[in-house]
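Visitor:
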Amino acid sequence: MNTQFKIIAEDDKTGARITRWKTNHGTVETPFFMPVATKMAVKHLTSTDIKEIGIQAVIANSLVLELSRGSLYIEKRGGIHKLMNYDGTIFTDSGGFQMIRESFYEKTTPKGVVFRDPLNQKKSFLATPEWVMHVQGHIGSDVAMILDDHNAHTHTKEKHAEAVLQTYEWGKQCVHAKINPKQLLFGIIQGGSYLDLRKKSAKLMESLQFDGMALGGLATGEPIPVMKKVVSTVTKIIKKEQPRYLMGLGSPIEMINTIGMGIDCFDSTYPTQNARHNTLFTMQGKIDIAKGRYIHDDNPIEEDCDCYTCKNYTKAYVCHLAKSEEPIAMRLKTYHNIFFMKRLMNEAKLAIKENRYQKFEKEFARSFGKKKEQPQKEGKKQKNVSLV
Ligand SMILES: [Zn+2]
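Counting in my numbering, the final residue of the sequence shown is number 543, and the numbers go up one at a time with none missing.
(1) I believe H180 touches D242 by the beta-carbon criterion, under 8 Å. Please report the beta-carbon distance rounded to the nearest angstrom.
(2) With I344 and S356 assumed to form a contact (beta carbons below 8 Å), what rounded beta-carbon distance in angstroms separates them?
(3) Rounded to whole angstroms, what is the Cα-Cα separation between E230 and F495?
(4) Using only alpha-carbon positions, find the residue among I392, A506, K525, S406 that is nearest to I144.
(5) How long is the line joining the alpha carbons of K395 and M382, rounded to whole angstroms?
(6) Quick one: residues in its chain with C-beta nearer than 8 Å to the C-beta of S522, no 5 flanking neighbours on either side, listed in chain order?
(7) Flag C465 as yes when its Cβ comes closer than 8 Å to any non-hydrogen atom of ligand 1, and as no otherwise.
(8) Should K194 and S223 be called a contact, given that it needs their Cβ atoms to be closer than 9 Å?
(9) Less than 8 Å separating the Cβ of P455 from some heavy atom of ligand 1?
(10) Our contact map puts N306 next to G372 with C-beta atoms below 8 Å; I'd like the distance itself, whole angstroms only.
(11) For A196, name the three-state secondary structure that DSSP assigns.
(12) For C420, does the three-state DSSP call read helix, strand or coil?
(13) Tell me, please, which residues DSSP counts as bridged to I210.
(14) Using a threshold of 8 Å, is the CB atom of F341 nearer than that to any non-hydrogen atom of ligand 1?
(15) Just checking C462 against ligand 1 - is the residue's beta carbon closer than 8 Å to any of the ligand's heavy atoms?
(16) Roughly how many whole angstroms lie between the Cα atoms of M189 and I210?
(17) With H, G and I counted as helix, E and B as strand and the rest as coil, what does DSSP make of K231?
(18) Using only CA atoms, which one of I393, D422, I418, V389 lies nearest to G405?
(19) For R256, name the three-state secondary structure that DSSP assigns.
(20) Within 10 angstroms of the Cβ of N240, are there 16 or more other Cβ atoms? Answer buried if so, exposed if not.
(21) Looking at F495 and ligand 1, is the gap between the Cβ and the nearest heavy atom below 8 Å?
(22) Using the three-state DSSP reduction, which class does R544 fall into: helix, strand or coil?
(23) Output the distance between the C-alpha atoms of L339 and D366, rounded to the nearest integer angstrom.
(24) How do the stretch 464 to 478 and the stretch 443 to 453 stand: do at least 3 beta-carbon pairs fall below 8 Å, yes or no?
(25) If you check the beta carbons only, do F341 and M300 fall under 9 Å apart?
(26) Considering only the alpha carbon of each residue, which of Y400, I493, N501 lies closest to K198?
(27) Cβ of Y490 versus every heavy atom of ligand 1: is any distance shorter than 8 Å?
(28) Is the beta carbon of Y463 sitting closer than 9 Å to the one on E165?
(29) Any idea what DSSP makes of Y400, helix, strand or coil?
(30) Ignore the nearest five residues each way along the sequence and tell me which others in S348's own chain have a CB closer than 7 Å to its CB.
(31) For R399, tell me which candidate among T203, M500, V389 has the shortest Cα-Cα distance.
(32) From V330, N433, E502, pick the residue whose C-alpha is nearest to that of S479; which is it?
(33) Mark K168 as exposed unless 16 or more other C-beta atoms lie within 10 angstroms of its C-beta, in which case mark it buried.
(34) According to DSSP, which residues form a beta bridge with F160?
(35) Taking 9 Å as the threshold (beta carbon to beta carbon), is K488 in contact with chain B?
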């Protein structure tokens, strides 16, 4: 499928850009953030909420869906868009990321990855490139990901070097095994923190016919300067005329930094997980809404935020609901954080259009970084994600 990719605006001093491209469910405009809908739902939000916020794309996990319900079940109901009642763009992850989860991963063979079914620990199965393309094809997502050999950043260079070659072999097989002509297929660049391996992987991936390029194996606990070095190295050498997706990153400052390096889209559980743990994002930093002082605060979470939560409720009320563990607190907190991500992307776009991205990046880092109410770190939280 042709993405009809276009670069709409570029910042002069940084790599930041606005791009537009087509998926089977309309045109998306980057930069954008994708909330994670592992099992066909963004936790605590309905598809109507997501649409109302203006979210252009979400990402589901094809491996988890295949194990829990089955891709044929989804196909029988008209596909994932119809079932979710969401007409935006839907990405699916192939399952490669589950290789770093002990509950799923058994071993890697040249044919594919042997996973354990966490719902039935005794059952193991081989996820081959052909299998992941069939599963994603039946689910009916707009963007499918290749099966990649995903290693933890702590693994040896030899392991990462093997993963680069293995991902290339599987990528080739995925191109041939694609069953859904309406689906876009993205390649995944691996290589851990090793810049030479990243360059090699980028070159190998670009020798294949993909509709977009993803950077995998990042935001999994490696130091932030290392992650940034990898992103800046890769974005300098891959072709500009394609979508660039940084998988698993969702912390606001690093998103803004890597947009400046030329990244177009992101996905992460970061804003939804933070919301669940009472950490809410504002342009002036993170706040812990369950802190005692907010119980007497009659202002919204953020004064100029137009989200459903801020338009209707005060910090005092959301603090009370969070402390009382009222279920609705989860929705109100999550709504605000996802709305914040959308707002942040809009601010980034405006800065690119007005050619002042560098200034915007510095100002945002200063204002968002100043509050220190941060109960958790991203790497730690990602490991705690419950997928089943
Ligand atoms: Zn709000």
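Positions of the beta carbon are idealized from the N, C-alpha and C atoms, including for glycine.
Guide: Reading it off the structure:
(1) Taking the sequence shown and counting its residues from 1, the one referred to as residue 180 is at position 25. Taking the sequence shown and counting its residues from 1, the one referred to as residue 242 is at position 87. Indeed, because the Cβ distance is near 6 Å, the residues count as touching under 8 Å.
(2) One-based indexing of the sequence shown puts residue 344 at position 189. One-based indexing of the sequence shown puts residue 356 at position 201. Yes, they are in contact, since the Cβ atoms of I344 and S356 sit about 5 Å apart, within 8 Å.
(3) By one-based count along the sequence shown, residue 230 stands at place 75. By one-based count along the sequence shown, residue 495 stands at place 340. Each residue's Cα considered, the two are about 33 Å apart.
(4) Given a span of 156 to 543 for the chain in the structure shown, any question on residue 144 remains unanswerable.
(5) Along the sequence shown, read from residue 1 onward, the residue named residue 395 stands at position 240. Along the sequence shown, read from residue 1 onward, the residue named residue 382 stands at position 227. Between K395 and M382, the C-alpha separation is close to 20 Å.
(6) Residue numbering aside, residue 522 sits at position 367 when the sequence shown is read from its first letter. These residues qualify, in order along the chain: M438, Q439, G440.
(7) Taking the sequence shown and counting its residues from 1, the one referred to as residue 465 is at position 310. Indeed, a heavy atom of ligand 1 lies less than 8 Å from the Cβ.
(8) Along the sequence shown, one-based indexing puts residue 194 at 39. Along the sequence shown, one-based indexing puts residue 223 at 68. Against a cut-off of 9 Å, the Cβ pair of S223 and K194 comes out as a contact.
(9) As a position in the sequence shown, residue 455 is number 300, starting the count at 1. It does: the Cβ of P455 is within 8 Å (strictly closer) of some heavy atom of ligand 1.
(10) On the sequence shown, residue 306 is found 151 positions in, with the first residue counted as 1. On the sequence shown, residue 372 is found 217 positions in, with the first residue counted as 1. Their Cβ separation, rounded to whole angstroms, is 7 Å, which keeps N306 and G372 in contact under 8 Å.
(11) Looking up residue 196 in the sequence shown gives position 41. Residue state, collapsed to three classes: coil.
(12) As a first step, residue 420 must be located in the sequence shown, where it is residue number 265. Strand, per DSSP.
(13) The residue labelled residue 210 in the question sits at position 55 within the sequence shown. According to DSSP, I210 bridges with nothing at all.
(14) Taking the sequence shown and counting its residues from 1, the one referred to as residue 341 is at position 186. No, ligand 1 has no heavy atom inside 8 Å of this Cβ.
(15) Translated into the one-based positions of the sequence shown, residue 462 becomes position 307. C462 Cβ: within cutoff of ligand 1.
(16) Within the sequence shown, residue 189 is the residue found at index 34, counting from 1. Within the sequence shown, residue 210 is the residue found at index 55, counting from 1. If you take the alpha carbons of M189 and I210, they lie about 7 Å apart.
(17) As a position in the sequence shown, residue 231 is number 76, starting the count at 1. It is helical.
(18) Residue mapping note: residue 405 aligns to position 250 of the sequence shown, counting from 1. The candidate whose alpha carbon is nearest that of G405 is D422.
(19) Reading the sequence shown from its first residue, position 101 is the one you call residue 256. Coil.
(20) Taking the first residue of the sequence shown as 1, we reach residue 240 at position 85. It is exposed - the Cβ of N240 has fewer than 16 other Cβ atoms within 10 Å.
(21) For the purposes of this step, residue 495 is taken as residue 340 along the sequence shown, with counting starting at 1. Yes.
(22) Residue 544 lies beyond the range of the chain shown here (156 to 543); nothing can be said about it.
(23) Looking up residue 339 in the sequence shown gives position 184. Looking up residue 366 in the sequence shown gives position 211. Distance between the alpha carbons of L339 and D366: 6 Å.
(24) yes
(25) Numbered from its first residue, the sequence shown carries residue 341 at position 186. Numbered from its first residue, the sequence shown carries residue 300 at position 145. Taking 9 Å as the Cβ cut-off, F341 and M300 qualify as a contacting pair.
(26) The count along the sequence shown starts at 1 and reaches residue 198 at position 43. The shortest Cα separation from K198 among Y400, I493, N501 belongs to I493.
(27) Here residue 490 corresponds to residue number 335 of the sequence shown, with the count starting at 1. Result yes, Cβ under 8 Å from ligand 1.
(28) As a position in the sequence shown, residue 463 is number 308, starting the count at 1. As a position in the sequence shown, residue 165 is number 10, starting the count at 1. The answer is no: Cβ separation not under 9 Å.
(29) Residue mapping note: residue 400 aligns to position 245 of the sequence shown, counting from 1. Strand, per DSSP.
(30) Looking up residue 348 in the sequence shown gives position 193. Excluding positions up to five away in sequence, the list reads H308, E377, V381, V385.
(31) Position 244 of the sequence shown holds residue 399. Nearest of T203, M500, V389 to R399, Cα basis: V389.
(32) Within the sequence shown, residue 479 is the residue found at index 324, counting from 1. The shortest C-alpha separation from S479 is found at N433.
(33) Sequence index remark: in the sequence shown, residue 168 carries index 13 (1-based). Its Cβ having fewer than 16 others within 10 Å, K168 is exposed.
(34) For the purposes of this step, residue 160 is taken as the residue at position 5 of the sequence shown. F160 is not bridged to any residue.
(35) Annotation note: the requested chain B is absent from the structure, which comprises a single protein chain.
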